[in-house]
Every structure is written in C-alpha cells, then in structure tokens.
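Novice: Residue numbers (the working numbering), protein chains in the order written: chain A, 1 to 190; chain B, 1 to 190.
Yeah, the Cβ is synthetic: ideal placement off N, Cα and C, and Gly gets one too.
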DNA sequence: CTAAAAACTTGAACTACTTCAAGAAATACA
DNA sequence: TGTATTTCTTGAAGTAGTTCAAGTTTTTAG
C-alpha cells in the first residue's frame, strides 16, 4: 500500500516490523488533481507532502503577475514550505500539482507524534533535509554562474525525461528566464 | 566552554546532564584566521562547522575568475557542504573565514558516533537543516523577484549590522550583482 | 469529437545590468 | 607608523536578457 514511502525511508534507516505497521496505520494516500493547490500564499503550511506518483511544484507570483517555479517535486520527493511549517508564519508560496498526483499528506501534529513513537525517523528526515539544502546550494551556484542557455542545456542533460514532462514556461521560470526566451533557445535563435 | 553550541542545541531539544558531559568531551574549539580556508573546491567535505564567534562564507570562483559568495555564516550557524558530506563527492565550493573565527569542527565519523550515543540530536540537526532549506527557498524567491537595488535594500533592512561587517564586494556577489554596481547603488547613481 | 483553454513562437524595441580600466580611499600588519 | 594590499568608485561601452503584442499550435476535457 505505502511501498513507495516505506522503501524510500528504508534507503536511509532501518525500520522494525512493528514500526512499519505503525507507519502504515498512520499514512494515507490522496490524489491531487492537475492544477489543484495544496498550499496558497498567505496560508500557514502545516503539512508535508510525499509524492508517490506525479509531479508537484512550488511557485510564486511575481510583481508582474507571472508565475515563477521555485521547486519541482517528483516521485519520492517531499514538498512543503519548511519556513512556514516551522515558524507558523504565512507562506510566501503556492504548492500545486503539475500532473494529477498521488501524495501522502502528513499533518504536523501527526508527524510529531510519529517521530516520538519512531525516533529513528528523525535521522531519515534529517538526511532528506540536508540533501535538499545541498541541492539548493548547487541550484544557486548554477543560477549564479551559467547563462540562460547553459542552464537549459545543463538541466536537459541531467534530466532529459523531465524536460518533456512539464510545460516549457514552467521550466523557463525555474531556470530563471522568460518563456519567450526559452522558445528562442530551443529554436537556436540566440 | 562550549556554551554557545549547547545553548543552541537546547533551543530545540532537551539534553540530559550525562549527554551534555558526553558532548563536552567530544567538542573542541579551533580558531580559523581571516582568509584561511576550511574547505577548497575539489576536496571531499567531511566536517561540519559550528560558528561560535566570527563570520565564515561559502563561495565559488566563477568562469570569469571572480569570487561569488553563496552563503554567509555567523554566530550560531552551521556551515558545510552537505552534498559533498553525504555523497563523498568532490566539493564545488570554498569555505573560508571572513573574519578570524572560533568554530567547533566536527568530523563526520565523530558526529555519527555522537548521534548514535545521543539519538535526540538527530532532531536538532533535522530542524537546523529544514530551516536552512526554508531560508534557501526564500533566498531564491528574492533573487527571482527583486531588482538588484531592491535586494540590497531588503538585505540592509533585514541585517543592518551585517552590511558593515563584510566587504561590499562579497555582499554584492551574495546578492548576485557586480561590485561596481553595488558602488553605484550605494551612491544613488542608478 | 470538438470547442475552449493552455502553451508555444516570433520579431522589434528596450533595459538592467556587466565589463573594463584606472584612480582614490581605506585597511591591515610588519 | 608607514607601506603594501585590499577595497571602493566612476564613467563609457556593450550585451544578455525582458517585455509586449499578436498569431499559431497543441492539449484538455465535456
């Protein structure tokens, strides 16, 4: 039933059979339809989402009214607004399904109780967060050092399948250039 | 002796007296002189640094040969390359003391053993990493949505003291514009 | 299957920055 | 304290991108 998340957790830590049972009993999968939101700007984020299947994104609406994607999440990724989650502050972000997706949504109160019952899960979430932060640092490096065309080519080389999977304008904003410029890069008109 | 780190840890979790003793016995403060490096590009990073006093930064050298600061760390912050740390891969970053700094350097092997002996520390490092990731997301948001001048003013409002504390060219690169443009912003010549 | 919505393309005009080069000012430390 | 080094400033020229607007193609969903 929850093989995806249990397998992911067990890549990083060992779980006892009793712990697996406990987890199973706390988790449930829900489907988020394409374009539906699980978080809107201004709300307090008190849920973490594990993506079992599909694709989600975190985005903002910039002062010109254009959406800009900050983060994509696919199978086996967690997505949430950690700052809003920890500080109980209003979120600056939207989190939306890019494709109709199956996610495991865990409320903060539920997760905190699970973490008390299965303390070894702390290590799992520590490693997940540390790796995510490391990836964010690399992302900033690429944004700082590469031209728009270099960022596109680099991304395409690293994630060739993913480029087909999301609308170009979302990927353009994730790579920090305009949808129009993406068109020109792809057409070789730069 | 290690009040700074013990106080910081105890903001997030409870420690037993015996655990405090154990930690005390494992930690030692070392001084990093201004401009000295604790990590160079190409090395594998297997140490985490807790800044007791001073200021460190993580930076890269871009293709034009200019340094670009990705991250500053001051008192009560951790600094490391988490990706290199977890994956045993060569680092893309330099980590350097901006001011002569007192740090607690914890080797991965030592930390792993401490985490086994004091499992509740997992929670501490989880929260630290989750907050750091949240802050990185906000940083990307600011880079995406604000002009150079807006980023400078925003940073100056949030961290008025820090602006005085580091060379302007380092702050300029952290905010992703050139040192020359920083000069013009400050002179009101934009 | 078809209408409506979403996504993509193109060119022209524009602009927020960068780069370069050289001098001035501030700071570190022998 | 003095000198070397580091940091900051300024203007001129250049450019990697944006914005706008309008048309075209593709995809979605009833």
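Given that residue 68(A) touches chain B, what residues does it touch there, using C-beta distances under 9 Å?
Specialist: Along the first chain, one-based indexing puts residue 68(A) at 68. Ordered by position in chain B, the residues that pass the 9 Å Cβ test against residue 68(A) are 141, 144 and 145.
Novice: Expressed to the nearest angstrom, what Euclidean distance is found between the alpha-carbon atoms of residue 168(A) and residue 160(B)?
Specialist: On the first chain, position 168 is the one that residue 168(A) refers to. On the second chain, position 160 is the one that residue 160(B) refers to. Cα-Cα distance, rounded: 39 Å.
Novice: In chain A, which residues lie less than 7 Å from residue 126(B) when you measure between Cβ atoms?
Specialist: By 1-based counting over the second chain, the position of residue 126(B) is 126. Within chain A, the residues near residue 126(B) are 122, 125, 126 and 129.
Novice: Count the other CB atoms within 10 Å of the CB of residue 134(A); is the residue buried (16 or more) or exposed (fewer)?
Specialist: Residue numbering aside, residue 134(A) sits at position 134 when the first chain is read from its first letter. With 16 or more Cβ atoms within 10 Å of its Cβ, residue 134(A) is classed as buried.
Novice: In terms of alpha-carbon separation, which member of 94(A), 125(A) and 72(A) lies closest to residue 44(A)?
Specialist: Translated into positions along the first chain, residue 44(A) becomes position 44. If we check each option's Cα against that of residue 44(A), 94(A) comes out closest.
Novice: Between 132(A), 147(A) and 97(A), which lies nearest to residue 32(A) when the distance is taken from Cα to Cα?
Specialist: Working through the first chain from its first residue, we reach residue 32(A) at position 32. When only C-alpha atoms are compared, the closest one is 97(A).
Novice: Could you check what DSSP says for residue 37(B) in three-state terms: helix, strand or coil?
Specialist: As a working note, residue 37(B) is residue 37 in the second chain. The answer is strand: DSSP assigns residue 37(B) an E or B state.
Novice: Using a Cβ cut-off of 8 Å, pull out every chain A residue sitting near residue 133(B), in sequence order please.
Specialist: In the second chain, residue 133(B) corresponds to position 133, counting from 1. Neighbours of residue 133(B) on chain A, chain order: 82, 129, 132, 133 and 136.
Novice: How long is the line joining the alpha carbons of residue 13(A) and residue 123(A), rounded to whole angstroms?
Specialist: The residue you call residue 13(A) lines up with position 13 of the first chain. The residue you call residue 123(A) lines up with position 123 of the first chain. Cα-Cα distance, rounded: 7 Å.
Novice: Going straight from the alpha carbon of residue 48(B) to that of residue 107(B), what length do you get?
Specialist: Counted from its first residue, the second chain places residue 48(B) at position 48. Counted from its first residue, the second chain places residue 107(B) at position 107. Going by the C-alpha atoms only, they are around 7 Å apart.
Novice: In angstroms, rounded to a whole number, what distance separates the CA positions of residue 30(A) and residue 157(B)?
Specialist: Counted from its first residue, the first chain places residue 30(A) at position 30. Counted from its first residue, the second chain places residue 157(B) at position 157. Using only the alpha carbons, I get a separation of about 42 Å.
Novice: Mapping the DSSP letters down to three states, classify residue 114(A) as helix, strand or coil.
Specialist: Taking the first chain and counting its residues from 1, the one referred to as residue 114(A) is at position 114. Three-state DSSP puts residue 114(A) in a helix.
Novice: Run down chain B in chain order and give the residues with a C-beta less than 9 Å from the C-beta of residue 71(A).
Specialist: Along the first chain, one-based indexing puts residue 71(A) at 71. Here the neighbours are 137 and 140.
Novice: So residue 86(B) contacts chain A; which residues on that side make the cut at Cβ distance below 9 Å?
Specialist: Taking the second chain and counting its residues from 1, the one referred to as residue 86(B) is at position 86. By Cβ distance, chain A contributes 127, 130, 131 and 134.
Novice: Let me check understanding here. Comparing Cα to Cα, which of 72(A), 17(A) and 46(A) lies closest to residue 171(A)?
Specialist: Along the first chain, one-based indexing puts residue 171(A) at 171. Ranking 72(A), 17(A) and 46(A) by Cα distance to residue 171(A) puts 72(A) first.
Novice: Might you give, ordered along the chain, the residues of its own chain that have their beta carbon closer than 8 Å to the beta carbon of residue 151(B), omitting 5 neighbours on each side?
Specialist: Translated into positions along the second chain, residue 151(B) becomes position 151. Once the five neighbours on either side are set aside, the close Cβ partners of residue 151(B) are 142, 143, 175, 176 and 177.
Novice: What are the uninterrupted segments assigned as alpha helix (DSSP H) that are 4 or more residues long and contained completely in the stretch 74 to 128 of chain A, given in chain order?
Specialist: Runs found: 82 to 87 and 108 to 117.
Novice: Does any residue of chain A bring its CB to less than 8 Å from the CB of residue 63(B)?
Specialist: Position 63 of the second chain, counted from the start, is the residue given in the question as residue 63(B). Output row for residue 63(B): interface = yes.
Novice: Considering only residues of the same chain and omitting the five flanking positions on each side of residue 166(B), which have a CB-CB separation below 6 Å?
Specialist: As a first step, residue 166(B) must be located in the second chain, where it is residue number 166. Excluding positions up to five away in sequence, the list reads 98.
Novice: So, for residue 132(B): in the same chain, excluding its five sequence neighbours on each side, which residues have a beta-carbon less than 8 Å away from its beta-carbon?
Specialist: Reading the second chain from its first residue, position 132 is the one you call residue 132(B). Cβ neighbours of residue 132(B) beyond the five flanking positions: 78.
Novice: So which residues of chain A does residue 119(B) contact, with C-beta pairs closer than 9 Å?
Specialist: Sequence index remark: in the second chain, residue 119(B) carries index 119 (1-based). Here the neighbours are 119, 120, 122 and 123.
Novice: Scan the stretch 169 to 185 of chain B for residues whose Cβ lies nearer than 9 Å to a Cβ of chain A and list them as they occur along the chain.
Specialist: Within the stretch 169 to 185 of chain B, the qualifying residues are 173 and 176.
Novice: Please list the partners that residue 92(B) has in chain A, where partner means a Cβ-to-Cβ separation under 9 Å.
Specialist: As a first step, residue 92(B) must be located in the second chain, where it is residue number 92. Per Cβ cutoff of 9 Å: 137, 138 and 141.
Novice: Would you grab the beta carbon distance between residue 195(B) and residue 27(B) for me? Rounded to a whole angstrom, and I think it's under 8 Å.
Specialist: Residue 195(B) is absent from the model: chain B starts at 1 and stops at 190.
Novice: Rounded to whole angstroms, what is the Cα-Cα separation between residue 60(B) and residue 86(A)?
Specialist: Against the second chain, residue 60(B) aligns to sequence position 60. Against the first chain, residue 86(A) aligns to sequence position 86. Using only the alpha carbons, I get a separation of about 30 Å.
Novice: Closest Cβ-Cβ distance between residue 60(B) and chain A: below 8 Å?
Specialist: Indexing the second chain from 1 puts residue 60(B) at position 60. Answer yes: the Cβ-Cβ gap between residue 60(B) and chain A drops below 8 Å somewhere.
Novice: Taking the Cβ atom as the reference point for each residue, do residue 65(B) and residue 102(B) lie within a distance shorter than 8 Å?
Specialist: Working through the second chain from its first residue, we reach residue 65(B) at position 65. Working through the second chain from its first residue, we reach residue 102(B) at position 102. No.
Novice: Please list the segments of the beta strand (DSSP E) lying wholly inside the stretch 128 to 178 of chain B, counting only runs of 3 or more residues, in order along the chain.
Specialist: The stretch 128 to 178 of chain B contains no whole beta strand (DSSP E) run of 3 or more residues.
Novice: Does the distance from the C-beta atom of residue 138(B) to that of residue 83(A) stay below 8 Å?
Specialist: Taking the first residue of the second chain as position 1, residue 138(B) is located at position 138. Taking the first residue of the first chain as position 1, residue 83(A) is located at position 83. Their beta carbons are under 8 Å apart, which means residue 138(B) touches residue 83(A) by this criterion.
Novice: If you scan the stretch 1 to 35 of chain A from start to end, which runs of the alpha helix (DSSP H) of 4 or more residues do you find wholly inside it?
Specialist: Fully enclosed alpha helix (DSSP H) runs of 4 or longer: 3 to 9 and 17 to 26.
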